Amino acid sequence: VGGGVMKFVELREGAGFREAVRTLASRFGLTVPEAEGQKENEAAVVERETLLKMHDVAAAFYRAQFDTPAARRAREDVEKRGLTAETMQTFGYGYAPAVAKDALNPELLAKFPKDLVLRSGLAILRDDGRVVDRFRNRLMIPIHRESGPVIAFGGRALEKDQVPKYLNSPETPLYTKGRVLYGLHASRPAIRQKNFAVLVEGYFDLAQLWQAGIQNVVASSGTALTPAQGRLLRRATSKIILSFDPDAAGQGAAARSSEMLVAEGFQVNVALLPEGQDPDTFVRTEGPAAFTGRVE
């Protein structure tokens, strides 16, 4: 096509010039000079960079724990869905240990200031002043920024009486739920190639479709889409196929998301599934070809 590395990143990622510069700079640890009058607060920049490093440490920790005997229940939870080791590795699944004492926090507190460990959302402050792990005895699912770095986690319960079923990172300087689409960091090339995206609700809906070869897929993580998420998708495509749960909540979310997406200039279709099915269970019971047929 022509152009240099900046143009390459712009075209491949569907990004503007500024985002391309920042993406490359963050990858190689460089600081981007700001134009006069546009300088961000230096402390805020340092804080975000530190929080990103902290999430890298956490993701590596949870991934390492996933292979231990203590994580047997977490591995079984994923394997019973028919997900392969390759799929697990692609999405970086991990395990937060169920231990009496903290597992991750000692490692974080040894490397990072206490106030930033709390700001990261990876820890909570108890009434007695102790800083403790937020996630315990959970299957850990990293949530990535569209450019790649891990910025949050979703933790799925492993015991029947464990609540909530999904415990997600709180909003932080890195993570705003309404500005992130799960899986977009991995699926954007396929979305651009096929010129449409399949939008699902859950982490495992996405993983199941990805493994089935339908890799132009992103997940809303169980909420109606926001205009900010729509703008993220608009960089890659103008066509969306929604495949939400067929229950009242799922179809209500589909309706609200459709209205927003049409208002943002998208061509929108809805792939309806049988009652009681979601993309995860449908692919497992009916096979990838049946889902592809619904999409078509």
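In this note's numbering, the protein residues as written are 3 to 298. Idealized CB from N, CA, C, for every residue including glycine. It should be emphasised that the depicted structure is a prediction, and the values quoted were computed from it without experimental measurement.
Worksheet item: Going by DSSP, which residues form a beta bridge with Met142?
Response: Note: Met142 sits in a beta bridge opposite Gly96 and Gly157.
Worksheet item: Could you give the uninterrupted runs of the alpha helix (DSSP H) lying entirely in the segment 219-281, keeping only those of 4 residues or more?
Response: Entirely contained in the segment 219-281, the alpha helix (DSSP H) runs reaching 4 residues are, in chain order, 229-236 and 250-265.
Worksheet item: Leaving out five residues before and five after Thr52 in sequence, what residues of the same chain have Cβ atoms less than 7 Å from its Cβ?
Response: Apart from sequence neighbours up to five positions away, the residues of its chain that approach Thr52 with a beta-carbon distance below 7 Å are Phe114 and Leu118, ordered along the chain.
Practice prompt. Have a look at Ala188, Phe19, Arg296 and Arg181 and flag the residue whose alpha-carbon is nearest the alpha-carbon of Ala226.
Written response: Of Ala188, Phe19, Arg296 and Arg181, the residue nearest in Cα terms is Arg181.
Practice prompt. Within 10 angstroms of the Cβ of Phe19, are there 16 or more other Cβ atoms? Answer buried if so, exposed if not.
Written response: Exposed: under 16 other Cβ atoms inside 10 Å.
Worksheet item: Which whole-angstrom value is the C-beta distance of Ser245 and Gln269, which I expect to be below 8 Å?
Response: About 15 Å separates the two Cβ atoms, so there is no contact after all.
Discussion item. Taking 8 Å as the threshold (C-beta atoms), are Gly94 and Lys61 in contact?
Written reply: The question names Lys, but residue 61 in the sequence shown is Ala. Between Ala61 and Gly94, the gap from beta carbon to beta carbon is short of 8 Å.
Worksheet item: Within the chosen definition, does the segment 213-223 reach the segment 192-204 through at least 3 CB pairs nearer than 8 Å?
Response: Inter-segment contact for the segment 213-223 and the segment 192-204 is present: three or more beta-carbon pairs are separated by less than 8 Å.
Discussion item. Here's a check: name, in chain order, each residue in its chain whose Cβ is nearer than 6 Å to the Cβ of Ala214, leaving out the five neighbours to either side.
Written reply: Sequence-distant partners of Ala214 (beyond 5 residues in either direction) whose C-beta falls short of 6 Å from its own C-beta, in its chain, are Val285 and Pro290.
Practice prompt. Mind the definition here: the segment 143-150 touches the segment 89-108 only if three or more C-beta pairs lie below 8 Å; say whether that holds.
Written response: Yes, since at least three Cβ pairs between the segment 143-150 and the segment 89-108 fall closer than 8 Å, the two stretches touch.
Worksheet item: What is the DSSP secondary structure of Asn43, counted as helix, strand or coil?
Response: Asn43 carries a coil assignment under DSSP once its states are collapsed to helix, strand and coil.
Practice prompt. Jot down the residue ranges of each uninterrupted alpha helix (DSSP H) in the segment 50-120, minimum 4 residues, whole runs only, in chain order.
Written response: For the segment 50-120, whole alpha helix (DSSP H) runs of length 4 or above, ordered along the chain, are 74-81, 87-92 and 107-113.
Worksheet item: Any idea which residues DSSP pairs Tyr184 with across the strands?
Response: Paired residue(s): Ala221.
Discussion item. I need the DSSP call for Asp135, collapsed to helix, strand or coil.
Written reply: When DSSP states are grouped into helix, strand and coil, Asp135 belongs to the strand group.
Item to complete: Name, in chain order, the residues that DSSP records as bridge partners for Leu208.
Response: Checking the DSSP bridge columns, you'll see Leu208 has no partner listed.
Discussion item. Just to check my reading of the structure: Ala192 and Thr89 have Cβ atoms closer than 8 Å, yes? What is that Cβ distance to the nearest angstrom?
Written reply: The beta-carbon distance between Ala192 and Thr89, rounded to whole angstroms, is 15 Å. This is too long to meet the 8 Å contact definition.
Worksheet item: What are the boundary residues of the alpha helix (DSSP H) that Val165 is part of?
Response: Run containing Val165: none; DSSP gives neither H nor E here.
Worksheet item: Does DSSP put Ala22 in a helix, in a strand, or in coil?
Response: Assignment of Ala22 by DSSP, reduced to helix, strand and coil, places it in the helix class.
Practice prompt. Could you say if the segment 56-73 and the segment 99-112 meet the contact criterion of at least three C-beta pairs nearer than 8 Å?
Written response: Touching, yes, given that three or more Cβ pairs across the two stretches are closer than 8 Å.
Discussion item. Can you list, in chain order, the residues of its chain with a C-beta nearer than 6 Å to that of Phe137? Leave out the 5 residues immediately preceding and following it.
Written reply: Around Phe137: Ala98 and Gly157.
Discussion item. Short of 7 Å in beta carbon distance, which residues of its chain neighbour Leu169, apart from the five on each side in sequence? Order them along the chain.
Written reply: Excluding sequence positions up to five before and after Leu169, its CB lies within less than 7 Å of the CB of Phe137, Arg140 and Gly157, all in the same chain and listed in chain order.
Worksheet entry | Separation of Asp280 from Gln253, as counted between CA atoms | Cα to Cα, Gln253 sits roughly 12 Å from Asp280.
Discussion item. Taking the alpha carbon of Val80 as the reference point, which residue from Val3, Val48 and Ala159 has its own alpha carbon closest?
Written reply: Measuring C-alpha to C-alpha distances from Val80 to each of Val3, Val48 and Ala159 identifies Ala159 as the nearest.
Worksheet entry | Residue span of the alpha helix (DSSP H) that contains Leu13, given as start and end | From DSSP, the alpha helix (DSSP H) with Leu13 extends over Val7 to Glu15.
Worksheet item: Got a sec, what are the start and stop residues for the alpha helix (DSSP H) Ala292 sits in?
Response: In the DSSP assignment, Ala292 falls within the unbroken alpha helix (DSSP H) covering Pro290 to Val297.
Fill in: Burial state of Gln231, where buried means 16 or more other Cβ atoms lie within 10 Å
Here Gln231 is buried: its Cβ has 16 or more other Cβ atoms, across all protein chains shown, within 10 Å.
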